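These notes concern the structure reproduced below.
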Amino acid sequence: MKITGYRTLHTVHEWGRPIGDVNGVIASGITEVPIVILETDEGIDGIGMGSHADLDRLFPALEGKDPRAVTTLYDAMIDRVFKTSHNGATFGGIGTFDSALWDLKAKLAGEPLWRLLGAGDRFVTGYASPLDAGIADDALAELYAGFAARGFTAAKLKGGREAARDLARFDIVRGALGVDDPALMLDANESWNLKQAVRYMAVIEDEIDLTWIEEPLRRWDAAGHARLSAAIRAAVATGENLTGLEQYRAILDAGGADIVQAGAVWGITNLQRVAFAAHARDLPLSPVGLTANYAVAAVAAAIPNHLTAEVQDLGAPVGIAVDQEISDGGIVLGDRPGAGIEIDEAVIHQFRASESWQVPNGPHVRSPRAGLRLAERAL
């Protein structure tokens, strides 16, 4: 069997609400979903989700190769861009091809990916994280009540600009979840410097036993994360924007991550390697953004140190069917061979309304005064 080519598709996810974080909000609630379909000479395709970045430059590492050699091909893609680096957007292309390869491998084995990866249980524990920065307070309870109806007892708020507002919204979320002691997390999306984080967390922790603070500082600030972890009760969770296993070395060696995170868009092999690096240090792992790549839920089921996975939405993108169920506070994976993702290309081609996640001043654009505030709200 040989890899012969690939094709790309764009669909959209209709969230039905504004989505975003402290850096910005997409008011339309419509985001692009890039899909890659990897083709073989035997007519079996592999499906990957995440990014279309640098695919043409990466594909020569795969062309004509046996797709079952997944980890070898992963390293071959990294080697292919040796001089210009695999970091940044390029890593998204690597991750999407990698996910398509794993989908192919599991289909050829006639097994669901979670079983191929060695999981003994199809259930993946999760937490509600609906990217809620653009949701008005009066709609917040209804949003989280929908997750509570699916059994969720843990939730993560987007915040970090005004502590009093975050505390008020935590009260709303706690009431919507309807349990006495929910796990509550706060995501500041790299918007603070160290002392801002310490001061802000002092206010939050005076009222709430916070489970973790996520991305409080810039992703590369290993020493700052370690100092923050020592100064607060909550765990420090970070890592989702690190593109490559080698980028974790400094923050892991410094003790800057109490909970190690990995972005779903970076693919299957990366998530496995990050998980094992964390496991060697007795640290739990939490994958982020499963709506960008549903296949990583299979990895979460198989790794020994999975803590909980971010569940951002209860629906699926246009033209995509996923063999999983959101219930009992997590994800129940199905038995369809492969990653469990099916594409209806006819439906996708008929759908024309789309807006990009990369909108001006959206959540992927860092706020101009982030990390430089003297007072709350002063962005």
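Residues in the sequence shown are numbered consecutively from 0, following numbering that gives the first Met the number 0.
The beta-carbon is built from N, C-alpha and C at its ideal position, and this holds for glycine as well.
What you are looking at is a predicted structure, and each value in this text was computed from that prediction instead of being measured.
Residue range of the alpha helix (DSSP H) that residue i falls in?
i      : result
TYR199 : 193–204
ARG226 : 221–230
SER98  : 88–108
ALA75  : 69–79
ILE267 : 267–278
LEU209 : Per DSSP, LEU209 belongs to no alpha helix (DSSP H) and is neither H nor E.
ARG114 : 112–115
Hey, residue i and residue j are a contact pair by Cβ (cut 8 angstroms); roughly how many whole angstroms apart?
i      : j      : result
VAL398 : LEU227 : In the structure as shown, the chain starts at 0 and stops at 378, and residue 398 therefore has no counterpart that could be examined.
VAL172 : ALA154 : 5 angstroms
ARG121 : VAL331 : 6 angstroms
ALA162 : GLU375 : 7 angstroms
ALA52  : THR89  : 6 angstroms
ALA369 : ASN22  : 7 angstroms
LYS157 : ASP131 : 6 angstroms
Would you give the residue range spanned by the beta strand (DSSP E) that residue i belongs to?
i      : result
ILE319 : 319–321
GLU341 : 340–342
ARG6   : 2–13
ALA127 : 122–127
LEU284 : 284–287
LEU156 : 153–157
ALA135 : Element bounds for ALA135: n/a, residue is neither H nor E.
GLY19  : 18–20
ILE25  : 23–25
Under the three-state reduction of DSSP, which class applies to residue i: helix, strand or coil?
i      : result
ARG173 : helix
GLN311 : coil
PRO362 : coil
GLY145 : helix
TYR293 : coil
ASP186 : strand
GLU31  : strand
HIS51  : coil
PRO59  : helix
LEU332 : strand
ARG235 : Per the sequence shown, residue 235 should be read as Val rather than Arg. Note: VAL235 maps to strand in three-state DSSP.
GLU245 : helix
VAL298 : helix
ALA405 : Because the chain in this structure spans residues 0 to 378, residue 405 falls outside the shown range and cannot be described.
HIS85  : coil
SER178 : For the sequence presented, residue 178 should be read as Val rather than Ser. If DSSP states are grouped into helix, strand and coil, VAL178 belongs with coil.
ALA261 : strand
ASP252 : helix
LEU166 : helix
ILE347 : helix
Roughly how many whole angstroms lie between the Cα atoms of residue i and residue j?
i      : j      : result
ALA296 : GLN349 : 29 angstroms
ILE29  : ILE212 : 27 angstroms
VAL310 : TYR126 : 6 angstroms
GLU344 : THR290 : 19 angstroms
GLY314 : ALA249 : 37 angstroms
GLY133 : GLN271 : 33 angstroms
SER285 : GLY63  : 35 angstroms
GLY337 : VAL35  : 15 angstroms
ALA277 : VAL202 : 30 angstroms
LEU112 : SER98  : 10 angstroms
VAL317 : LEU251 : 38 angstroms
ARG160 : VAL264 : 27 angstroms
VAL298 : HIS12  : 23 angstroms
ASP78  : LEU57  : 9 angstroms
GLY109 : ARG335 : 8 angstroms
ASN379 : SER50  : Limits of the chain in this structure are 0 at one end and 378 at the other, which puts residue 379 out of reach.
ALA138 : GLY42  : 47 angstroms
ARG198 : LEU241 : 26 angstroms
For residue i, count the other beta carbons within 10 Å of its own beta carbon; 16 or more makes it buried, fewer makes it exposed. Which is it?
i      : result
ALA279 : exposed
LYS1   : exposed
VAL287 : buried
GLU214 : buried
LEU183 : buried
GLU189 : buried
LEU371 : exposed
PRO59  : exposed
THR83  : exposed
PHE81  : exposed
ASN292 : buried
ASN360 : exposed
GLY238 : buried
LYS194 : exposed
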